[in-house]
Amino acid sequence: MARRRVGRSVRSQSQTLLPLRTRHRLPNSLTCWFCDFKIYAFNDWLFSFGWRHARFLKVWFAIGVAFSFVALIGSIMLLLWEFAGIFHFRGEMFEQDHLSVSWLFGTSSLVPGLSLSFMDTSIIFFCTLFSVAIHELGHAIAATSAGLQIEYIAIFLAIVFPGALVAFNYDLLQSLPYFANLRIYCAGIWLNAVCCAVCGLVMLCLPLLLSPLYVHDEGPMVLEVPLMSPLSGYLSRGDVILSVDGANISNSYEWIKKMQEADSQKLHVPYSLQDLHPSQAVNHGKGYCVPNSLVEGSMTLLVDDQFSCPDELAAFTRLACYNSSSLTGNSSEGSEKIEMETKHCFNAKDVVRLKKCGDGWLMADTSSCACSEEESCMSPVLTPSMSWVEISYSSPYSSECSKLSKMSQVQSTESGSRPCGGTFVFVGDILSMAYSLQLSSYRPRTPFMIFSAYMPMVFEKILACTFRVSATLSFLNSLPVFFLDELLLKSRARPFQ
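Under the UniProt record's numbering, residues 1 to 497 are what the sequence shown spells out, in order.
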């Protein structure tokens, strides 16, 4: 966290604002919980830069003063709004509105995985140090533009948190006009806000900047599949996810969104059906049009029978030709009807190639009445805690499919008919499965650039992390809290009242 340290020099007799040098350089600090490194090499350069461009910098940082007062009002209103939601009247709305603070501090993206790789930790450390350096650089340049000499710049590490500070001559700082003090105090907040704007602009233009080497939003590419992932053995590095439950996937954000939508369907199962025996059927509205001849020739079991299908087969139950939600909408009636149904054992690999039916798919053009008279809509048997998702993928960067990569990028053929790819069904906890993959919304244009597949993701993480850390610094220093910039801003603004 950025700090402010003012050097209390005993040279009170000197009232000049010309560059001054400290007679004795302070040693670096090193303790068990704090260490710093003081830098004196940039003092003259910063003073020369600030003094040479003083006219422009004074106007620039005067804008920062106005922004800081607006940020002060906005930060107080945001905190009051959040506290009102915690203690009083918003109820269910609080969970959605709370995203404003979690997005600002970057906690929302860290919750699902709850794990940080070495690269992520390095990026966070670097972006934090960079954002703090930008904050302190604003104070330093604003001070030199007012003719105030810097004593030193220090980089410190408090336990595991990096930071930086700029030391000024306290007596000379107090001799400056009040508005000059305001420019110095508000410069850090202003430069962090400018840093946020630059990072946001670069993030918006990143697909265009990387377009000569990478394609964007044409299917998320798998960067890594950990051994502990449920999809280990099904997907590999370089595979491209094309669709989930028949709905096309453009990027990694849509991948998470579609999985959350599919997972939310199991939450609508009535409470009375939550305690069903694992062998009992719970309808999630996803079905396949199975020929009646195959249904009649399949193994049939009563739902309440303890005997299950063989390992190579999956259990299915008939889905009636009306809104599938009615099967689970009425708790007692739905439970009784499910218990009276029978299960049919099919090979899931053959069934997923058939036409889809039911209204539980993410596609909007399916219904339980989509099958012909010679077919039956058969739905997989699932327990309330399980989800059934159908994932289609391609492998355009594999050696045997390199020649067909252009054809497989934008093909929209039926499931299972894609060259250099396939379709599989995952049954289980789909959210943990979705977060177990490391995906990128960028793909190399040529197979020989597959080694650089990580670079766009690294750029995105650096920009996003710098944006959030800079926004957090600007937000926190806008608060009227002791030891932060805004308290100094308020104290120096009093003479104008």
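Yeah, the Cβ is synthetic: ideal placement off N, Cα and C, and Gly gets one too.
query: Tell me, please, which residues DSSP counts as bridged to G422.; result: Y393
query: Since F467 and C199 should fall inside the 8 angstroms C-beta cutoff, what is the C-beta to C-beta distance between them, to a whole number of angstroms?; result: 4 angstroms
query: Keeping to the same chain, check which residues put their C-beta closer than 6 angstroms to that of C196; ignore five residues upstream and five downstream.; result: F467, S470 and A471
query: Hey, how far is the Cα of A464 from the Cα of R237?; result: 24 angstroms
query: Which same chain residues end up closer than 7 angstroms to residue 523 when comparing Cβ atoms and leaving out the 5 residues on each side of it in sequence?; result: Within the shown structure, residues of the chain are numbered from 1 to 497, placing residue 523 beyond reach of any answer.
query: Can you give the beta carbon distance from M433 to L231, rounded, assuming they're within the 8 angstroms contact cut?; result: 6 angstroms
query: Nearest CA to the CA of L176: which residue from A146, Y152, A167 and C205?; result: A146
query: Could you check whether Y393 and I249 sit closer than 7 angstroms to each other, using their CB atoms as the reference points?; result: no
query: Can you name the start and end residues of the alpha helix (DSSP H) that residue 521 belongs to?; result: In this structure the chain extends from 1 to 497, so residue 521 is not present and cannot be described.
query: Any chance the stretch 178–190 sits against the stretch 62–73, with 3 or more Cβ pairs inside 8 angstroms?; result: yes
query: Excluding the 5 residues flanking R23 on each side, which residues of the same chain have their C-beta closer than 6 angstroms to its C-beta?; result: Because R23 carries a pLDDT of 48, less than 50, the predicted location of this residue cannot be relied on, and no value is offered for it.
query: Using DSSP bridges, identify the partner residues of G163.; result: F156
query: Which stretch, first to last residue, makes up the beta strand (DSSP E) that contains L185?; result: First, the residue type needs correcting, since residue 185 is Tyr and not Leu in the sequence shown. Per DSSP, Y185 belongs to no beta strand (DSSP E); it is in the alpha helix (DSSP H), Y178 to L209.
query: Compare the beta carbon distance of N477 and I189 with 7 angstroms and say whether it is the shorter of the two.; result: yes
query: What's the call for Q168, buried or exposed, on a 16-neighbour Cβ count within 10 Å?; result: Looking at the sequence shown, residue 168 is not Gln but Phe. Buried, because 16 or more other Cβ atoms sit within 10 Å of the Cβ of F168.
query: For T121, count neighbouring Cβ atoms within 10 angstroms of its own Cβ and tell me buried if that reaches 16, exposed if not.; result: exposed
query: If you count every other CB in all the chains shown that lies within 10 Å of the CB of N192, and 16 or more means buried, which is it?; result: buried
query: Would you say K286 and G358 are within 7 angstroms of each other, going by their C-beta atoms?; result: yes
query: Can the beta-carbon of A154 be found closer than 7 angstroms to that of D36?; result: yes
query: If you draw a straight line from the C-alpha of I124 to the C-alpha of A320, how long is it?; result: 53 angstroms
query: Give me the Cβ distance between K355 and Y288, rounded to the nearest whole Å; I'm assuming they're in contact under 8 angstroms.; result: 7 angstroms
query: Label F316 either buried or exposed according to how many other C-beta atoms from any shown protein chain fall within 10 Å of its C-beta, with 16 as the threshold for buried.; result: buried
query: Please check the pair M378 and R318, which I expect to be a contact at CB under 8 angstroms, by giving their CB distance rounded to whole angstroms.; result: 6 angstroms
query: Would the beta-carbon of K58 fall within 7 angstroms of that of Y152?; result: no
query: May I ask which residues mark the beginning and end of the beta strand (DSSP E) holding M221?; result: Y214 to E224
query: In the DSSP assignment, the beta strand (DSSP E) including Q438 goes from what residue to what residue?; result: Q438 to P444
query: Quick check on the DSSP output: the beta strand (DSSP E) that includes E375 runs from which residue to which?; result: E375 to P380
query: Using the C-alpha atoms, what's the distance from E136 back to P162?; result: 13 angstroms
query: Candidates P226, S243, V225 and N347: which alpha carbon is nearest residue 518's?; result: Lying before the first or after the last residue shown, residue 518 is absent from the chain, which here runs from 1 to 497.
query: Around the C-beta of C127, are 16 or more other C-beta atoms found within 10 angstroms, so that it is buried, or is it exposed?; result: buried
query: Check N251 in the structure and name its three-state DSSP category.; result: coil
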